[in-house]
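Per our numbering, numbering through the sequence shown is continuous, rising by one, with the last residue being 415. For glycine and all other residues, C-beta sits at the position ideal for the given N, C-alpha and C.
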Amino acid sequence: MSRYFDEQETIGREKRERGQGEALRLMAERGYRKSPFFRKTLDGLSLEPAQFASVKELEKLPVITREALIDLQKAEPPFGGLADPEAQIDRIFVSPGPVYEPHLSESDPLWARSYTAAGLGPHDIVLNAFSHHLVAAGLTFHGGLRRIGATVIPSGTSGAQIQVQLIRDLRVTAYTGTPSFLMAIIRKAEEEGYAFRKDFSLRKACFAAEPLEASLRERFENEYGIDTYQMYGATEVGDVAYECSEKRGWHLCEEVLVEIVDPATGRNVPPGALGHVVVTRFNPLFFLFRFGTGDLSRLIEEPCSCGRTSYRLDGIFGRIGDAVKVRGLFVAPSQLKELQKKHPGIRFQLLIARTAHEDHLTVRFAGEAGKDFEEKFCSDFREICTIRIDHMERISPDDLKEGDPLILDGRNWR
Ligand SMILES: [Zn+2]
Numbered sequence: 002m003s004r005y006f007d008e009q010e011t012i013g014r015e016k017r018e019r020g021q022g023e024a025l026r027l028m029a030e031r032g033y034r035k036s037p038f039f040r041k042t043l044d045g046l047s048l049e050p051a052q053f054a055s056v057k058e059l060e061k062l063p064v065i066t067r068e069a070l071i072d073l074q075k076a077e078p079p080f081g082g083l084a085d086p087e088a089q090i091d092r093i094f095v096s097p098g099p100v101y102e103p104h105l106s107e108s109d110p111l112w113a114r115s116y117t118a119a120g121l122g123p124h125d126i127v128l129n130a131f132s133h134h135l136v137a138a139g140l141t142f143h144g145g146l147r148r149i150g151a152t153v154i155p156s157g158t159s160g161a162q163i164q165v166q167l168i169r170d171l172r173v174t175a176y177t178g179t180p181s182f183l184m185a186i187i188r189k190a191e192e193e194g195y196a197f198r199k200d201f202s203l204r205k206a207c208f209a210a211e212p213l214e215a216s217l218r219e220r221f222e223n224e225y226g227i228d229t230y231q232m233y234g235a236t237e238v239g240d241v242a243y244e245c246s247e248k249r250g251w252h253l254c255e256e257v258l259v260e261i262v263d264p265a266t267g268r269n270v271p272p273g274a275l276g277h278v279v280v281t282r283f284n285p286l287f288f289l290f291r292f293g294t295g296d297l298s299r300l301i302e303e304p305c306s307c308g309r310t311s312y313r314l315d316g317i318f319g320r321i322g323d324a325v326k327v328r329g330l331f332v333a334p335s336q337l338k339e340l341q342k343k344h345p346g347i348r349f350q351l352l353i354a355r356t357a358h359e360d361h362l363t364v365r366f367a368g369e370a371g372k373d374f375e376e377k378f379c380s381d382f383r384e385i386c387t388i389r390i391d392h393m394e395r396i397s398p399d400d401l402k403e404g405d406p407l408i409l410d411g412r413n414w415r
């Protein structure tokens with residue numbers, strides 16, 4: 002079995018750049034014909050689709066953030082004029098906001114490069130513990146695993162006890178999901194009296210949707226004998242980058258263009274500088290150019306000793322803007338504003354901390370809270386933001402003023 006998914010991963014950089022320029026031009030020309038939003042954007046800037054023959058041209062277009070995408074879709078449901086209205090869409094995913102995402106063609110090798118680089122293949126039985134419900138994660142990771150011939154158990158977000166049973170009974174060899182959930186599964190197995198390393202065959206793990214802290218990685222690898230890999234993507238643009246066995250940065254996928262830009266100007270930063278990760282995926286039906294992921298990173302341009310010639314992302318340094326990820330799911334200010342509308346007499350603020358490798362979400366609140374307020378608020382929060390609050394804390398109105406930030410992210414990833 003090859004170490005590479007295809008020969009594209011090792012082609013010369015000039016050849017890749019030429020291919021990318023060509024793919025970009027084709028997408029711009031098609032987008033101009035099919036997407037009312039893209040046509041309006043180009044006309045407004047007096048640009049021609051044929052101009053987009055090189056990646057540098059992208060700088061002429063605005064960066065579209067997640068919040069902007071939500072507004073676009075609200076103004077023109079369901080896809081904000083970004084999709085080809087005549088396209089045969091496989092499926093539509095929903096992510097918090099809401100953002101509606103027409104799914105890429107089944108022919109796209111989403112995540113297959115990542116799994117290949119992690120050494121997975123037809124000999125593997127993989128527990129896919131990503132959510133399969135509405136969001137893109139579960140099904141797209143499933144597709145990538147099938148593409149490389151692995152057997153998949155779509156265990157989704159079933160409880161830790163069931164996951165332990167599946168790993169044991171089905172002799173699972175690899176896990177894909179969030180790192181914190183794998184740790185919860187291991188803890189459960191230990192509670193049940195198993196020695197994870199000795200009693201189970203799980204030897205590889207591919208993580209996404211949540212950062213992998215160095216200390217946690219060390220535990221997985223040294224204590225439990227699990228070889229770990231990080232994968233990076235966004236539901237709006239699919240897979241973006243992945244780790245190879247060198248584990249020094251994440252190779253960019255061949256199906257995307259990644260720019261690192263100054264969040265204020267949208268222009269590319271100098272090579273190696275930190276900036277906003279902006280992604281354009283070559284997509285024949287959804288013409289989302291320059292999607293701003295909200296993540297901060299930088300590019301490593303030096304060649305990697307694994308033989309892949311793509312640039313690498315140097316991990317994620319944090320978030321720009323206000324939307325944050327908690328336990329792998331976004332919480333956007335638009336959702337919090339909706340909550341505010343439901344509880345008009347209350348001021349509140351989210352505090353996100355990280356202890357024992359898990360996100361911890363506290364809501365501080367002040368104002369006229371009735372008898373059942375906490376219970377009602379928690380259930381509304383869960384419904385709107387799809388995540389659970391760990392702790393509610395009542396504070397004096399003096400400690401929470403009008404105009405204070407809605408979210409305080411106290412996590413430190415590096
Ligand atoms: Zn490499």
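Go ahead and pull the three-state DSSP assignment for residue i.
{"i": "V100", "result": "strand"}
{"i": "K413", "result": "Strictly speaking, residue 413 in this sequence is Asn, with Lys absent from that position. In this structure, N413 counts as coil in the three-state DSSP scheme."}
{"i": "G319", "result": "strand"}
{"i": "Q336", "result": "helix"}
{"i": "T117", "result": "helix"}
{"i": "D109", "result": "coil"}
{"i": "N269", "result": "strand"}
{"i": "Q350", "result": "strand"}
{"i": "M2", "result": "Because the pLDDT at M2 is just 49, under 50, the model does not fix this residue reliably, and the value given afterwards should be weighed accordingly. Three-state result, M2: coil."}
{"i": "Q231", "result": "strand"}
{"i": "R416", "result": "What the structure shows of the chain is the stretch from 2 to 415, and residue 416 is not part of that stretch, so it cannot be assessed."}
{"i": "G276", "result": "strand"}
{"i": "I126", "result": "strand"}
{"i": "V257", "result": "strand"}
Rounded to whole angstroms, what is the Cα-Cα separation between residue i and residue j?
{"i": "F94", "j": "A137", "result": "6 Å"}
{"i": "K377", "j": "Q350", "result": "16 Å"}
{"i": "S156", "j": "D7", "result": "29 Å"}
{"i": "A367", "j": "P304", "result": "53 Å"}
{"i": "L253", "j": "K343", "result": "42 Å"}
{"i": "L258", "j": "K75", "result": "27 Å"}
{"i": "L213", "j": "G45", "result": "42 Å"}
{"i": "D228", "j": "S181", "result": "15 Å"}
{"i": "G13", "j": "G295", "result": "30 Å"}
{"i": "Y230", "j": "C207", "result": "5 Å"}
{"i": "G139", "j": "R348", "result": "35 Å"}
{"i": "S380", "j": "E192", "result": "30 Å"}
{"i": "I408", "j": "L352", "result": "6 Å"}
{"i": "L83", "j": "S55", "result": "21 Å"}
{"i": "V279", "j": "K372", "result": "46 Å"}
{"i": "H124", "j": "G150", "result": "8 Å"}
{"i": "W251", "j": "G120", "result": "15 Å"}
{"i": "E60", "j": "E359", "result": "37 Å"}
{"i": "A354", "j": "N413", "result": "9 Å"}
{"i": "L73", "j": "G404", "result": "25 Å"}
Can you tell me whether residue i is buried or exposed? The criterion is at least 16 other CB atoms within 10 Å of its CB, across all chains shown.
{"i": "M2", "result": "Note that M2 has pLDDT 49, beneath the 50 cutoff, so the model's placement of it is unreliable and no number is given."}
{"i": "N129", "result": "buried"}
{"i": "E87", "result": "exposed"}
{"i": "P50", "result": "buried"}
{"i": "K402", "result": "exposed"}
{"i": "E255", "result": "buried"}
{"i": "N223", "result": "exposed"}
{"i": "I163", "result": "exposed"}
{"i": "R114", "result": "buried"}
{"i": "H104", "result": "buried"}
{"i": "E244", "result": "buried"}
Are residue i and residue j touching if we call contact CB-CB under 8 Å?
{"i": "F142", "j": "T177", "result": "yes"}
{"i": "V241", "j": "L289", "result": "no"}
{"i": "L25", "j": "Y33", "result": "no"}
{"i": "R365", "j": "I390", "result": "no"}
{"i": "R198", "j": "Y225", "result": "yes"}
{"i": "T363", "j": "E394", "result": "yes"}
{"i": "S335", "j": "E77", "result": "no"}
{"i": "G346", "j": "E375", "result": "no"}
{"i": "R313", "j": "T11", "result": "no"}
{"i": "D410", "j": "R320", "result": "yes"}
{"i": "G205", "j": "A161", "result": "Per the sequence shown, residue 205 should be read as Lys rather than Gly. For K205 and A161, no; Cβs fall outside 8 Å."}
{"i": "R383", "j": "L62", "result": "no"}
{"i": "S96", "j": "T236", "result": "yes"}
{"i": "P110", "j": "R148", "result": "yes"}
Just grab the DSSP bridge partners of residue i for me.
{"i": "W251", "result": "E244, L314"}
{"i": "G295", "result": "Paired residues: none, contrary to the question."}
{"i": "L300", "result": "L314"}
{"i": "R40", "result": "Note: R40 sits in no beta bridge, so no partner."}
{"i": "G368", "result": "I347"}
{"i": "C207", "result": "T177, Y230"}
{"i": "F287", "result": "A84"}
{"i": "G13", "result": "Paired residues: none, contrary to the question."}
{"i": "H361", "result": "A354"}
{"i": "V153", "result": "V127"}
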